[in-house]
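In UniProt numbering, the protein residues as written are 1 to 126.
Notes follow once the structure below has been shown.
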Amino acid sequence: MDLARSTAEQIGLEVLGTASGRCTYVAYDDLAQRAVLDRRTTNSTPGDGGVRLAPLEGDILRLRVFVDRGTVGVFLGDGAATVSSLSLPDDGTRTPALTAVAGTAHVTALRVHRLRSIWEDDREGG
C-alpha cells in the first residue's frame with residue numbers, strides 16, 4: 001500500500017470474517033503510525049484485550065498476512081516486526097475484505113495465495 005497517496009485514517013483487511021459480522025482485523029493506523037491486529041470480535045483471552053500492535057516507518061506499507069483455521073500472523077516490511085494471535089471464528093464460510101476508514105486507500109499490489117493443509121495426505125495412493 002502506498003501510504004503517501006492514501007488519505008484513510010486506517011487501511012485494513014478483515015480476515016476470518018463470518019456471516020455474523022465477526023472477523024479478525026489487520027490494519028495500518030495512520031494516526032498512530034502502527035500496525036494493528038485486533039481479534040476482539042472473534043475471541044479474546046482474558047487480560048490481553050485481543051489487540052496486538054507494532055510500530056511502522058516509511059511511506060510504503062508491506063504486510064504479509066498468513067491465516068489458517070485458528071491463527072493470524074502478520075509480517076511487516078521485510079520481517080522487521082511481526083505480530084500473531086490465536087483467532088477462533090464462528091463456524092461457517094469465512095471471507096476476507098479490504099477496508100478504509102475516513103478516507104481512501106491506495107493499494108499498489110495485492111496477492112492472495114492458498115496454502116495447502118499440513119494435515120492432508122498429498123502422496124499418490126495415500
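Think of the CB as a built atom: it goes at the ideal place given N, C-alpha and C, for glycine as much as any other residue.
Are R40 and G50 close, meaning C-beta to C-beta below 8 Å?
-> Here residue 40 corresponds to residue number 40 of the sequence shown, with the count starting at 1. Here residue 50 corresponds to residue number 50 of the sequence shown, with the count starting at 1. A contact, by the Cβ cut-off of 8 Å.
Exposure of L76, with buried meaning 16 or more beta-carbon neighbours within 10 Å = As a first step, residue 76 is located in the sequence shown; it is residue number 76 there, counting from the start. Buried: at least 16 other Cβ atoms inside 10 Å.
Tell me whether the beta-carbon of A27 lies closer than 8 Å to the beta-carbon of V36.
-> On the sequence shown, residue 27 is found 27 positions in, with the first residue counted as 1. On the sequence shown, residue 36 is found 36 positions in, with the first residue counted as 1. Closer than 8 Å, so yes.
G79 versus V65 - alpha carbon distance | For the purposes of this step, residue 79 is taken as residue 79 along the sequence shown, with counting starting at 1. For the purposes of this step, residue 65 is taken as residue 65 along the sequence shown, with counting starting at 1. In a straight line, the C-alpha of G79 is about 11 Å away from that of V65.
Determine the extent of the beta strand (DSSP E) in which I11 is found, giving its start and end residues.
-> Within the sequence shown, the letter at position 11 stands for residue 11. Element bounds for I11: Q10 to G17.
What did DSSP end up calling T93 once you bin it into helix, strand or coil?
-> By 1-based counting over the sequence shown, the position of residue 93 is 93. Three-state result, T93: coil.
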